[in-house]
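Visitor: Take this structure first; my questions come after.
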Amino acid sequence: MKNSLYLPVKTKILKTKKLTELEKYFQLDLSNFKKFDHKPGQFVQVAIPGVGEAPISIASDKNKKNTLDLVVRNVGSLTNLMHKLEDGEYLGLRGPFGNGFPMEEMKNSNLLIVAGGIGLVPLRSVIQFYLNNKKNYRSLTIFYGAKTDKELLFTDEYETWKTKGINLNITIDRESPTWKGNVGLITTLFNKIDFDYLGSKILICGPPVMYKFVLLELIKKAVPAKNIYLSLERQMKCGVGKCAHCAIGSYHVCIDGPVFTYEFLKDKVEAL
Amino acid sequence: MPENKKVKVAFFDFASCEGCQLQVLNLENEFLNLLEHIEIVNFREAISEKSDDYLIAFVEGSITKPSDIPRIKKIRENAKILVALGACATHGCVNSMKNMFKINDVKKATYGDDDKLFDSEEAKPFETFEQAMPLDAVVKVDYYIRGCPINNKEFLMVVKALLKGKMPEITDSAVCLECQAKGNICLYDKGEICLGLISRGGCDAWCPSNGFVCEGCRGFIDKPNIERMKEIIIEKGLSLEYAEKRLQLFNSWELTKNKITLIDDKEKK
Amino acid sequence: MNKNKVKEKNKKIKNINLEYIMSVNVLKNFIEVLSTKYKTYAPVNKEKRVVWAQIKNFNEISRDYIDGIQTTILPPKYFFFPPNEKLLFLNSNNVDYKKNEQIHEPFILFGVHPCDIHGLLLMDKIFLENYVDDFYKEKRDNAIIIGMDTMPNEWNFSKSAGTDIIDSGFDIFLIPLKENKFYIKIATKKGLSLIKNINGLFPLNKNDKKLLTEFYTEKNKRYKRNVDMHDLPKLLDRTYESKIWDEIGKQCVACTRCSIVCPTCYCFNIKEDYYLNLIEGERVRTWDSCLRQNFALVAGGHNFRSSLKARIRHRYYHKERIFSYIYGKSACVGCGRCSRDCKANIKPDEVFNKLRQLEIKS
Numbered sequence: 001m002k003n004s005l006y007l008p009v010k011t012k013i014l015k016t017k018k019l020t021e022l023e024k025y026f027q028l029d030l031s032n033f034k035k036f037d038h039k040p041g042q043f044v045q046v047a048i049p050g051v052g053e054a055p056i057s058i059a060s061d062k063n064k065k066n067t068l069d070l071v072v073r074n075v076g077s078l079t080n081l082m083h084k085l086e087d088g089e090y091l092g093l094r095g096p097f098g099n100g101f102p103m104e105e106m107k108n109s110n111l112l113i114v115a116g117g118i119g120l121v122p123l124r125s126v127i128q129f130y131l132n133n134k135k136n137y138r139s140l141t142i143f144y145g146a147k148t149d150k151e152l153l154f155t156d157e158y159e160t161w162k163t164k165g166i167n168l169n170i171t172i173d174r175e176s177p178t179w180k181g182n183v184g185l186i187t188t189l190f191n192k193i194d195f196d197y198l199g200s201k202i203l204i205c206g207p208p209v210m211y212k213f214v215l216l217e218l219i220k221k222a223v224p225a226k227n228i229y230l231s232l233e234r235q236m237k238c239g240v241g242k243c244a245h246c247a248i249g250s251y252h253v254c255i256d257g258p259v260f261t262y263e264f265l266k267d268k269v270e271a272l
Numbered sequence: 001m002p003e004n005k006k007v008k009v010a011f012f013d014f015a016s017c018e019g020c021q022l023q024v025l026n027l028e029n030e031f032l033n034l035l036e037h038i039e040i041v042n043f044r045e046a047i048s049e050k051s052d053d054y055l056i057a058f059v060e061g062s063i064t065k066p067s068d069i070p071r072i073k074k075i076r077e078n079a080k081i082l083v084a085l086g087a088c089a090t091h092g093c094v095n096s097m098k099n100m101f102k103i104n105d106v107k108k109a110t111y112g113d114d115d116k117l118f119d120s121e122e123a124k125p126f127e128t129f130e131q132a133m134p135l136d137a138v139v140k141v142d143y144y145i146r147g148c149p150i151n152n153k154e155f156l157m158v159v160k161a162l163l164k165g166k167m168p169e170i171t172d173s174a175v176c177l178e179c180q181a182k183g184n185i186c187l188y189d190k191g192e193i194c195l196g197l198i199s200r201g202g203c204d205a206w207c208p209s210n211g212f213v214c215e216g217c218r219g220f221i222d223k224p225n226i227e228r229m230k231e232i233i234i235e236k237g238l239s240l241e242y243a244e245k246r247l248q249l250f251n252s253w254e255l256t257k258n259k260i261t262l263i264d265d266k267e268k269k
Numbered sequence: 001m002n003k004n005k006v007k008e009k010n011k012k013i014k015n016i017n018l019e020y021i022m023s024v025n026v027l028k029n030f031i032e033v034l035s036t037k038y039k040t041y042a043p044v045n046k047e048k049r050v051v052w053a054q055i056k057n058f059n060e061i062s063r064d065y066i067d068g069i070q071t072t073i074l075p076p077k078y079f080f081f082p083p084n085e086k087l088l089f090l091n092s093n094n095v096d097y098k099k100n101e102q103i104h105e106p107f108i109l110f111g112v113h114p115c116d117i118h119g120l121l122l123m124d125k126i127f128l129e130n131y132v133d134d135f136y137k138e139k140r141d142n143a144i145i146i147g148m149d150t151m152p153n154e155w156n157f158s159k160s161a162g163t164d165i166i167d168s169g170f171d172i173f174l175i176p177l178k179e180n181k182f183y184i185k186i187a188t189k190k191g192l193s194l195i196k197n198i199n200g201l202f203p204l205n206k207n208d209k210k211l212l213t214e215f216y217t218e219k220n221k222r223y224k225r226n227v228d229m230h231d232l233p234k235l236l237d238r239t240y241e242s243k244i245w246d247e248i249g250k251q252c253v254a255c256t257r258c259s260i261v262c263p264t265c266y267c268f269n270i271k272e273d274y275y276l277n278l279i280e281g282e283r284v285r286t287w288d289s290c291l292r293q294n295f296a297l298v299a300g301g302h303n304f305r306s307s308l309k310a311r312i313r314h315r316y317y318h319k320e321r322i323f324s325y326i327y328g329k330s331a332c333v334g335c336g337r338c339s340r341d342c343k344a345n346i347k348p349d350e351v352f353n354k355l356r357q358l359e360i361k362s
């Protein structure tokens, strides 16, 4: 058995771009994979030989060029070294892993994306999926919060999103001379924006602290728990349900998640 | 880090037996191989050259006297990465045993009637602090290579990681994890007091694997449950006094700083 | 292997169910013959404990083990999922990984308890289902399991866990009987091939059947620890906020020993390290434990279980619920290893009993 569950595939970096002080964009060439069939909300294990692996969210939908987008925040050993990689260099890749967002189940609904900080990264794959399959969904609204306007991601795509009918709402935590839009935590958008919360599917991703407050807003509005989808972050070593670092009670975030409905999570211990 | 340029590395020592630096030299051929990647600009135990131009400083020893302070601060200023090397530097080790006593009693116990000489003008440079301190009580420490002495394979791992710009992965598990995974017979089964339960591993359970109890030379794990440790020793009918002495050997800095004791004053009487 | 083939294989395995009686002398011979052909590992004495070791003859096997006085320090998972395993070789210049191809040959695990066989079958679910862990599988495929029933030791509560009896997961199964006899059951083709040249196997007569019944009667009598494990996942759900977890949190010292000796704990860590040329290196996996302080720490600095109470509670919840909900079975097989080796005196059967009593009271 030459192949192994733990063997990363050598993957070429086609393009990189610094998005913010902390985040860098990578476009990867998937041609070394025999098959790479990914869904919005899934993740990959990125490897740098000698350093190790880390789970990274996929930031793009399937495309004809057979490429994959990642956006990586420089927060650890591996991500720090990833930031030093340039166009034409290589990294190791395993995946795709995880369940992803159930796009089929959400058909014919209004979609609301609630993203905090780099939480927008996995949700960008949903945005791209929506744009590729627009006729199957009624609408897409985005609530996106960041600490400052300098930390906003994918800024050069906002115009396209808007012209294609996406209702994009951005807020930043603190006022800034270069920012003219909403100011305040992401939860403030729920009162500002009139929206059919009850009849929509809501997709959430952000830092652990954000979930609690966003869920409170949605509970206030009596949104059914089964319509709320959350993507969770955990420490992962294997990505394939073996190492148990990501276990929440009975479930492995890597194979049973990372996307769960709130209905599923609400009675699960230590999930949120 | 530019690949073709050797990284400048320096070694320094404060109050210590210098055994950890010796452990580095004990790497012998592996150490020589390492010299293909690093240039040592300061290493009193091995070379006579001295330079203030270095990227990584490995510092052995505890801070025990006023003149240590400017010296360690200078090292911190010069080094981009400061690594505490060995138990004296990481958490005080045996130097910190004096922290449990009044400094005058310590001087008396050590020098007898000559302790008066400490009051003379000539002895000023030898003035010592009441407490022996680990490096991070004075300066920011980036990485900790624990142990008395260090495990030189772990030293190698750290150097290799730093040279490649990777954060060294230093374990936070108890000694028991590695010890039990070797299938060792627990020393409590033999009626001994082993501190492996609450002590930091990464040593490959060196001592217990060779029949010696763990004395906690790598310090405690995060938030050690000392209360329970005490109960365990009582439940097993072992001596608290002896256990306390064991704890004090390497960990007096943490014990005195956090006022941790197995025997409170009531029990002492 | 596709599903049909698996089914076919299972069918073949089920077809074999041969039972014999042999004298202890025949067994001695059998083991000596086996150990010349295969590396044979069995429980042997080491000081006052029992450990797995390679044997050449029957007399090396621990009497304590056969008599049910005590079990091995480490469970059989050790042979399939070793504490330190080199998985991959790496080259950082070429950004290249290669699998560490290990040489495998068939080996025998002799004397595996029914509860430990249950443990292995549960480990199979983790490592062989969904995504197949090749490193585990390669070793598992090469193992010949000779199970053996014994009296329960004082920590064992496998009867409560429903793991005191086993009907699959072994090639051969033995039961030590009175009158220096052993019951032997052959369950697979592999097992059949092993006994091919053994003389001295007899069909069970009336007296043998009586001895077998006596063994089980005696075994059932010897269980000192009984715990009601029915509906355990639901019981745990209901008692999640119980004060008992505060008590147990205070009782635990996070030494991680219980995870290491557990036949179904499978947490692992993965690390990479360079060789001295700083180009090549290797990826290694090591046993880990959810009781370790930073086990659930994420890159942003959030630790999902920083308190000891949360960690030990997680260990119980994970063990009892993951399999119960996913596979319909609790992962605690009642082997009693963690009870024996926990210095802080935390015993799962006592924890379950406490939780149950608490419920009855309220």
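Chains as they are written, first to last, in this note's numbering: chain Z, 1 to 272; chain V, 1 to 269; chain L, 1 to 362. The beta-carbon is built from N, C-alpha and C at its ideal position, and this holds for glycine as well.
(1) Return the chain-ordered list of same chain residues with a C-beta closer than 8 Å to the C-beta of Gly52(Z), the five sequence neighbours on each side being excluded.
(2) Check whether the Cβ atoms of Gly111(L) and Ile146(L) sit closer than 8 Å, and answer yes or no.
(3) When the Cβ atoms of the region 58-73 of chain V are set against those of the region 103-121 of chain V, are three or more pairs found closer than 8 Å?
(4) Using 8 Å as the Cβ pair cut-off and three pairs as the minimum, do the region 307-321 of chain L and the region 238-251 of chain L touch?
(5) Within 8 Å of any Cβ in chain L, is that where the Cβ of Gln235(Z) sits?
(6) For the region 90-122 of chain L, enumerate the residues whose C-beta is nearer than 7 Å to any C-beta of chain V, in chain order.
(7) Using a Cβ-Cβ distance under 8 Å, would Val51(Z) count as near chain V?
(8) Could you tell me how far apart the beta carbons of Ile198(V) and Pro224(V) are, in whole angstroms, since I believe they sit closer than 8 Å?
(9) Using only the alpha-carbon positions, how far apart do Lys15(Z) and Thr40(L) sit?
(10) Once the 5 residues before and after Gly119(Z) are set aside, which same chain residues still bring their CB inside 8 Å of it?
(11) Suppose the cutoff is 6 Å on Cβ atoms and the five residues either side in sequence are ignored; what does the same chain contact list for Lys62(Z) look like?
(12) Once DSSP output is grouped into helix, strand and coil, what is the label at Tyr216(L)?
(13) Between the alpha carbons of Cys342(L) and Cys258(L), how many angstroms are there, rounded?
(14) Would you mind listing the beta strand (DSSP E) stretches within the region 115-178 of chain Z that are 3+ residues and don't spill past its ends, in chain order?
(15) Shorter than 8 Å from the beta carbon of Ala296(L) to some beta carbon of chain Z?
(16) Can you tell me the Cβ-Cβ gap for Ile202(Z) and Asn227(Z), rounded? I've got them flagged as a contact below 8 Å.
(17) Examine chain L for any beta-carbon lying closer than 8 Å to the beta-carbon of Ser57(Z), and answer yes or no.
(18) Give me, in chain order, the residues of the same chain whose beta-carbon lies closer than 7 Å to that of Arg340(L); leave out the 5 immediate sequence neighbours on both sides.
(19) With a threshold of 8 Å between beta carbons, is Phe14(V) in contact with chain L?
(20) Cutting at 7 Å between CB atoms, please list the residues of its own chain near Ala243(V), excluding the five before and the five after it.
(21) Suppose you measure from the CA of Phe80(L) to the CA of Thr213(L); what does that come to, to the nearest Å?
(22) If I'm right that Gly201(V) touches Glu178(V) with Cβ under 8 Å, what's the distance once you round it to whole angstroms?
(23) Could you name the residues of the same chain whose beta carbon sits closer than 8 Å to that of Asp53(V), not counting the 5 residues immediately before and after it, in chain order?
(24) Would Lys102(V) and Asp115(V) be called neighbours here (beta carbons separated by less than 8 Å)?
(25) Check the Cβ of Ser250(Z) against every Cβ in chain V and list those closer than 9 Å, keeping chain order.
(26) Would you list the one or two residues that DSSP bridges to Val205(Z)?
(27) Any beta carbon from chain Z within less than 8 Å of Phe132(L)'s own beta carbon?
(28) Identify the contact partners of Lys5(V) in chain Z, using a Cβ-Cβ distance below 7 Å as the criterion.
(29) Which residue's Cα is closest to the Cα of Val214(Z): Asp37(Z), Ile113(Z), Asp149(Z), Asn80(Z)?
(30) Shorter than 8 Å from the beta carbon of Lys12(L) to some beta carbon of chain Z?
(31) Would you call Gly249(Z) buried or exposed, if buried means 16 or more other Cβ atoms sit within 10 Å of its Cβ?
(32) Just to confirm the assignment, what range does the alpha helix (DSSP H) spanning Pro66(V) have?
(33) In whole angstroms, what separates the C-alpha of Ser330(L) from that of Val44(L)?
(34) Can you list, in chain order, the residues of the region 277-291 of chain L whose Cβ is nearer than 7 Å to any Cβ on chain V?
(35) Any beta-carbon of chain V closer than 8 Å to the one on Asp64(L)?
(36) Measuring alpha carbon to alpha carbon, tell me which residue in Lys361(L), Ser23(L), Gln54(L), Lys190(L) is nearest Lys178(L).
Guide: A quick look at the data gives this:
(1) Ser77, Leu78
(2) yes
(3) no
(4) yes
(5) yes
(6) none
(7) yes
(8) 4 Å
(9) 55 Å
(10) Ile204, Cys205, Gly206, Pro207, Met210, Ser231
(11) none
(12) helix
(13) 6 Å
(14) 139-146, 167-172
(15) yes
(16) 6 Å
(17) no
(18) Trp155
(19) no
(20) Ile193, Ile233, Leu262
(21) 34 Å
(22) 5 Å
(23) Lys8, Val41, Asn78
(24) no
(25) Correct list: empty, because the minimum Cβ distance to chain V is about 24 Å.
(26) The sequence shown places Cys at residue 205(Z), rather than the Val named in the question. Paired residue(s): Ala115(Z).
(27) The identity of residue 132(L) in the sequence shown is Val, whereas the question assumes Phe. With 8 Å as the cut-off, Val132(L) counts as an interface residue toward chain Z.
(28) Here the premise fails: no neighbours, minimum Cβ distance about 16 Å.
(29) Ile113(Z)
(30) Low confidence applies to Lys12(L): its pLDDT is 49, below 50, so where it sits in the model is not reliable enough to give any reading.
(31) buried
(32) Here Pro66(V) belongs to no alpha helix (DSSP H), and DSSP marks it neither H nor E.
(33) 29 Å
(34) Leu278, Trp287, Ser289
(35) no
(36) Ser23(L)
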